[in-house]
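Chemist: I have a structure here, written as structure tokens, and I will follow up with some questions on it.
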Amino acid sequence: MEGVSQTPTDSSIGTTPGSTVEGAGALVLVTQPTQGTPVPPSHAQTPVPPASAEAVDDFATKRKNKSEAWDHFIKLKNADGSVMHKPRAKCKYCPQTYACHSKANGTSAMRTDMLYQCRKSPVYIPAKKQRYLAFDSAENGGHMVSIAFDQDTCRFACARMIIRDELPFSHVEGQSFIDFMRVAQPKFKPPSRRTIARDILILYGSEKERIREFVGRKSQRVSLTTDTWTSIQNINYMVLTAHFIDDNWTLQKRILNFIVIPDHKGNTIGKLVESCLINWGIEKVFAIVVDNASPNQVALDYMKEKIGNWGQLVVKGSFLHLRCCCHILNLIVRDGMEELDSSIEAIRNCVKFIRSSPARLEKFRKCVAKEKIDGKGGIVPLDVCTRWNSTYFMLDIAVKFKKAFIRLEDEDQQFQNYFQERVGGKLRDGPPRNEDWDKAASLVRFLKIFYDATLQFSGTKVVTANQPLLWMCTIVGELE
12 MEGVSQTPTD SSIGTTPGST VEGAGALVLV TQPTQGTPVP PSHAQTPVPP
62 ASAEAVDDFA TKRKNKSEAW DHFIKLKNAD GSVMHKPRAK CKYCPQTYAC
112 HSKANGTSAM RTDMLYQCRK SPVYIPAKKQ RYLAFDSAEN GGHMVSIAFD
162 QDTCRFACAR MIIRDELPFS HVEGQSFIDF MRVAQPKFKP PSRRTIARDI
212 LILYGSEKER IREFVGRKSQ RVSLTTDTWT SIQNINYMVL TAHFIDDNWT
262 LQKRILNFIV IPDHKGNTIG KLVESCLINW GIEKVFAIVV DNASPNQVAL
312 DYMKEKIGNW GQLVVKGSFL HLRCCCHILN LIVRDGMEEL DSSIEAIRNC
362 VKFIRSSPAR LEKFRKCVAK EKIDGKGGIV PLDVCTRWNS TYFMLDIAVK
412 FKKAFIRLED EDQQFQNYFQ ERVGGKLRDG PPRNEDWDKA ASLVRFLKIF
462 YDATLQFSGT KVVTANQPLL WMCTIVGELE
């Protein structure tokens, strides 16, 4: 069989029947006649004109898009309305665009977007979330549960972490947190600080409604504690805390209100407490614990009258006003510490000296090493004068480093000169003498009793009403 041959128009060449011949500008179809049938001359060679490039392009442009993806995408054009050199299509429901060249790209990416990625698409199919097994935490033991990733659930869990750990809202925007979550759970998109703030407000609202529903029960009684103070910016604050027993007989504590108040007057405090109780729907109040400040007496008289009008007082309000035992202990300790103020101030000045610069602290460490004192507990902390418990911590540790302070006085001239300086027209107290150290050691033994009692009185997880009498008897016995 002979193959295809090119023929010029001015010559005849024999060809194999049934084959085609490509000529200059035309295709010639050569057919084999059926035996016994005459072949007209006009049918022997049928020229087929070639399709021009313009016709092909026009056909490709105007032909209908067959893929269903084009029902959800729009083909983009240039700003002047002309066809883009590299065609792209935009989703009708979101800003996402995709390359859509029929040969180079196809429509698979567009189908994936409309079916699985664009949640606004009417044909969106939610992806099946992969689940994994984990232990569910419980007080009496856990059990295996199946957990699936959910962005909203993780976001609110992050908001609870911010609340519990008292972290700033900007923590979620820190690069360290973002890098950690990228490794721990790549699907989780860390929220912004504004989103976290909104989520915390949502959690607050839901928790408030839950507590309001519980404490609003007819059989539920609530005890309250309130405190007021003034910040260093001269802003007055008040906090109101509720204490109640839940269905599992567990003591619960919740802050009901934390607000700025105009002043510390008794009537002002009483009206704010009343307004808060009305807002929460609380009527059955068992007791209100406050300190011994005189405005609190006025506030409690006001509250006793209002709660009495509600008809919810217990024993006609005889136990509505309870004094704060921690505040009473605080007054006792402060009064006793005034007798030893000079000895305490002398030791405090020693601590101020060694903590005033790294060089002085290093000299003190060398003295500690020479005296072979165990310094694993840390160097002496400086107290806060208004917090007697911090003074107790300072004295307790300073007494253990007594020999190191004495050696520092002998070896460091700067330490000696420090106590020769005048402050407020008089010399600094110190350095401490032996009798000052002895007084401090005796004071530490007594302060420990008051400190332990304060911890027991201020417990919020257990009932403490039975503790004051026992500890008061213990303190009296130690003092005698």
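Numbering (our numbering), first residue to last: 12 to 491. Think of the CB as a built atom: it goes at the ideal place given N, C-alpha and C, for glycine as much as any other residue. Since we're looking at a predicted model, the values are computed, not measured.
(1) Compare the beta carbon distance of residue 450 and residue 354 with 8 Å and say whether it is the shorter of the two.
(2) Which of helix, strand or coil does DSSP assign to residue 102?
(3) Quick one: is residue 320 buried, meaning 16 or more other Cβ sit within 10 Å of its Cβ, or exposed?
(4) What do you reckon, are the CB atoms on residue 233 and residue 296 nearer than 8 Å?
(5) Measuring alpha carbon to alpha carbon, tell me which of 364, 114, 480 and 104 ends up nearest residue 336.
(6) I believe residue 239 touches residue 266 by the beta-carbon criterion, under 8 Å. Please report the beta-carbon distance rounded to the nearest angstrom.
(7) For residue 378, tell me which candidate among 300, 97, 421 and 430 has the shortest Cα-Cα distance.
(8) Could you check the C-alpha separation between residue 220 and residue 178 for me, to the nearest Å?
(9) Grouping DSSP H, G and I as helix and E and B as strand, with all else coil, what is residue 267?
(10) From 415, 363 and 374, pick the residue whose C-alpha is nearest to that of residue 513; which is it?
(11) With a threshold of 16 other CB atoms inside 10 Å of the CB of residue 445, please say whether the residue is buried or exposed.
(12) Starting from residue 247, follow the alpha helix (DSSP H) in both directions and report where the run begins and ends.
(13) DSSP state of residue 412, grouped into three classes?
(14) Under DSSP, the alpha helix (DSSP H) around residue 364 begins and ends at which residues?
(15) If you follow the beta strand (DSSP E) that residue 332 is in, where does it begin and where does it stop?
(16) Please state whether the Cβ-Cβ distance between residue 118 and residue 80 is less than 8 Å.
(17) Using the Cα positions of residue 461 and residue 471, report the straight-line distance between them to the nearest angstrom.
(18) Are there three or more Cβ pairs, one per stretch, closer than 8 Å when the segment 428-443 is compared with the segment 324-334?
(19) State the start and end residues of the unbroken alpha helix (DSSP H) segment that holds residue 173.
Modeler: The relevant details are as follows:
(1) For the pair residue 450 and residue 354, the CB atoms are nearer than the 8 Å cut-off.
(2) It is a strand residue.
(3) exposed
(4) Yes, the Cβ-Cβ distance between residue 233 and residue 296 is below 8 Å.
(5) Selected option, being the one with the closest Cα: 480.
(6) Actually they are not in contact, since the Cβ atoms of residue 239 and residue 266 sit about 14 Å apart, beyond 8 Å.
(7) 421
(8) 24 Å
(9) strand
(10) Residue 513 lies beyond the stretch modelled for the chain, which goes from 12 to 491, so this question has no answer here.
(11) exposed
(12) From DSSP, residue 247 is part of no alpha helix (DSSP H) but of the beta strand (DSSP E) over 247-256.
(13) In this structure, residue 412 counts as coil in the three-state DSSP scheme.
(14) 352-365
(15) 332-334
(16) yes
(17) Here the C-alpha atom of residue 461 lies approximately 18 Å from the C-alpha atom of residue 471.
(18) no
(19) Element bounds for residue 173: 162-175.
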